[in-house]
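Undergrad: Questions regarding the structure given below will be posed in turn.
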Amino acid sequence: MSQRFDFAIIGAGMAGASLAAGLAAHGRVLLLEAEERPGYHATGRSAAFWTESYGGPLVLPLTAASREFFDDHGLLALRGALTLARAEEEAGLTAFTDKFSALGVRVEALDRQALTARVPDLKDEWQLGAWEPDCCDIDVAALHQLWLRQAKRLGAELLCRARLAAAQHSAGGWTATLEDGRAFTARVLINAAGAWADQVAAMAGAAPLGLTPLRRTVAQLRMGSPVPADLPLVLGFDGSFYFKPEGGKLWLSPHDESPSAPCDAAPEELDVALAIDRFEAVTDWPIAAVEHKWAGLRTFAPDRLPVYGFDPGQRDFFWFAGQGGFGIQTAPAAADLALRLLLGQSGGAVDPAPYSLARFR
187 MSQRFDFAII
197 GAGMAGASLA
207 AGLAAHGRVL
217 LLEAEERPGY
227 HATGRSAAFW
237 TESYGGPLVL
247 PLTAASREFF
257 DDHGLLALRG
267 ALTLARAEEE
277 AGLTAFTDKF
287 SALGVRVEAL
297 DRQALTARVP
307 DLKDEWQLGA
317 WEPDCCDIDV
327 AALHQLWLRQ
337 AKRLGAELLC
347 RARLAAAQHS
357 AGGWTATLED
367 GRAFTARVLI
377 NAAGAWADQV
387 AAMAGAAPLG
397 LTPLRRTVAQ
407 LRMGSPVPAD
417 LPLVLGFDGS
427 FYFKPEGGKL
437 WLSPHDESPS
447 APCDAAPEEL
457 DVALAIDRFE
467 AVTDWPIAAV
477 EHKWAGLRTF
487 APDRLPVYGF
497 DPGQRDFFWF
507 AGQGGFGIQT
517 APAAADLALR
527 LLLGQSGGAV
537 DPAPYSLARF
547 R
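Residues in the sequence shown are numbered consecutively from 187, following my numbering.
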């Protein structure tokens, strides 16, 4: 391993890979992954979709600015998103559609007849809906590999099974040691460690931000009858479920957010049962079997906005974390924003101020 780098990135998931691809043209880059392969945790377990309303109004600029990159690289497949609501949720649903329509998102209210045309055998309690025609599935694996290939082509070094053990800053930059004893130096240390980001910060002498990993469960179902090929992403307005077709199967989540320590997350049987119970309250489609189930950690800052920027209390320590469940759909714009901050460049499509660490100080 070369000993001296300009940028050392902790974490080779989507966040770390995207930055490595951009930074490799501007200096020597080391990309460190604690696991056996990049993207083992959140990136590799994402049921990602691109939906402008997801994450709220302050995440929308990142989502919208990422669309061109996805389109240019053929990484999206049109799906459409349908948010279901009960009659008593009408005021909230109207506020939702009005808010995002005012922000330029294509979203329209649907009545019961329009809902049943999109979701056959829909149960009677679901009377209202919001339709987002621009929602797309994202080819997560292809996106991740695109950036890893670009980083490698431009000379970045990727090390797997390389867990950080210690990091110390001095006048010459960062000196860091891995658990296996290997050491390196770097001018800038970049924290793209996902659920482990606060732990990495503590090792580097930076104050943790109170990032919270939240477990999200997904089950793959084999249905007793064919899943409609044109079924949209279907979500509950109350945040209690979502489901979507995938390769002839159905992916179903109870939309759970259970606080967790950073770990190799595993699904809880109760959460899978809860997902199925909620699905059966939406439609009468028969379930033949639960074929597969998994869980991933989605890590949020206290205000649920991402954290991009240099730490004000620790020199040359850069945060690229707290990207929650929207980290994939915002990845191109987030990487561009972070790259500009790292290189001291102005401009760009998205204002970095809402994501700055200044909001925590």
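C-beta atoms are modelled at their ideal positions from N, C-alpha and C, and glycine is treated no differently.
Considering only residues of the same chain and omitting the five flanking positions on each side of VAL476, which have a CB-CB separation below 7 Å?
TA: Cβ neighbours of VAL476 beyond the five flanking positions: ALA405, LEU407, VAL458.
Undergrad: Measuring straight from C-alpha to C-alpha, what distance separates GLY260 and TRP236?
TA: Roughly 13 Å between the two C-alpha positions.
Undergrad: Just to confirm, does ALA251 get its C-beta within under 7 Å of one of the non-hydrogen atoms of the ligand SAH?
TA: Absence of the ligand SAH from the depicted structure is noted, as is the absence of any ligand whatsoever, leaving it without description.
Undergrad: Name the two residues that bound the continuous alpha helix (DSSP H) containing GLY208.
TA: Its alpha helix (DSSP H) spans residues 200-209.
Undergrad: Identify whether GLU294 lies in helix, strand or coil by the three-state DSSP scheme.
TA: Strand.
Undergrad: Between the Cα of TRP480 and those of PHE512, PRO440, PRO492, spot the shortest distance and give me the residue it belongs to.
TA: It is PRO440.
Undergrad: Are ALA353 and MET389 close, meaning C-beta to C-beta below 8 Å?
TA: A contact, by the Cβ cut-off of 8 Å.
Undergrad: Are the stretch 365-385 and the stretch 191-199 in contact at 8 Å, needing three or more beta carbon pairs?
TA: Output reads yes: the stretch 191-199 touches the stretch 365-385.
Undergrad: Let me know the secondary structure DSSP gives VAL386 once reduced to three states.
TA: Helix at VAL386.
Undergrad: Extract the residue ranges of the beta strand (DSSP E) inside the stretch 275-349, only unbroken runs of 3 or more that lie entirely within it.
TA: Listed in chain order, the complete beta strand (DSSP E) runs (minimum 3 residues) inside the stretch 275-349 are 294-296, 312-318, 322-324, 343-345.
Undergrad: Restricting to Cα atoms, I'd like to know which of HIS212, LEU270, GLY534 is closest to LYS309.
TA: Taking only the C-alpha atoms, the option nearest LYS309 is LEU270.
Undergrad: Here's the rule: buried if 16 or more other CB atoms are within 10 angstroms of the residue's CB, otherwise exposed. What is LEU543?
TA: Buried is the call here.
Undergrad: Where does SER411 fall in DSSP's three states?
TA: Residue state, collapsed to three classes: coil.
Undergrad: Do the CB positions of ARG368 and SER426 come within less than 8 Å of each other?
TA: Taking 8 Å as the Cβ cut-off, ARG368 and SER426 do not qualify as a contacting pair.
Undergrad: For CYS449, is the classification buried or exposed, using 16 other Cβ atoms within 10 angstroms of its Cβ as the cut-off for buried?
TA: When all chains shown are included, CYS449 counts as exposed.
Undergrad: Where does MET187 land, buried or exposed, given buried means 16+ other C-beta within 10 angstroms?
TA: Summary for MET187: the model assigns pLDDT 48, below 50, so the residue's position carries little reliability; its value from the coordinates is reported in the next sentence. Exposed is the call here.
Undergrad: Nearest by alpha-carbon distance to PRO243: which of PHE546, ARG545, ARG547, VAL536 is it?
TA: It is VAL536.
Undergrad: Which same chain residues, not among the five before or five after PHE496, have their C-beta less than 8 Å away from its C-beta?
TA: Answer for PHE496: ASP502, PHE503, PHE504, TRP505, LEU527, LEU543, listed in chain order.
Undergrad: Runs of 3 residues minimum, wholly inside the stretch 412-492: which ones carry the beta strand (DSSP E) assignment?
TA: With a minimum length of 3 residues, the continuous beta strand (DSSP E) runs that stay inside the stretch 412-492 are 419-422, 428-432, 435-439, 473-486.
Undergrad: Can you find at least 3 beta carbon pairs, one from the stretch 326-343 and one from the stretch 205-215, that sit closer than 8 Å?
TA: The stretch 326-343, when compared against the stretch 205-215, does touch it at the 8 Å Cβ threshold.
Undergrad: Identify whether HIS227 lies in helix, strand or coil by the three-state DSSP scheme.
TA: Looking at HIS227 - three-state DSSP - the assignment turns out to be coil, as it is neither helix nor strand.
Undergrad: Please go through the same chain and pick out, in chain order, the residues whose beta-carbon is closer than 6 Å to the beta-carbon of LEU417, but skip the five residues on each side of it.
TA: Here the set comprises PRO431.
Undergrad: Along the chain, where does the beta strand (DSSP E) containing PHE506 start, and where does it finish?
TA: From DSSP, the beta strand (DSSP E) with PHE506 extends over 503-507.
Undergrad: For the alpha helix (DSSP H) holding THR249, just list the boundary residues, first then last.
TA: Residues 246-258.
Undergrad: Label GLN509 either buried or exposed according to how many other C-beta atoms from any shown protein chain fall within 10 Å of its C-beta, with 16 as the threshold for buried.
TA: GLN509 comes out buried.
Undergrad: From the DSSP secondary-structure annotation, give me the bridge partner or partners of ALA353.
TA: Paired residue(s): ALA362.
Undergrad: Could you tell me how far apart the beta carbons of ALA316 and ALA295 are, in whole angstroms, since I believe they sit closer than 8 Å?
TA: ALA316 to ALA295, Cβ: 6 Å. Contact.
Undergrad: Residues bridged to THR371 by DSSP?
TA: Its beta-bridge partners are ARG190, THR361.
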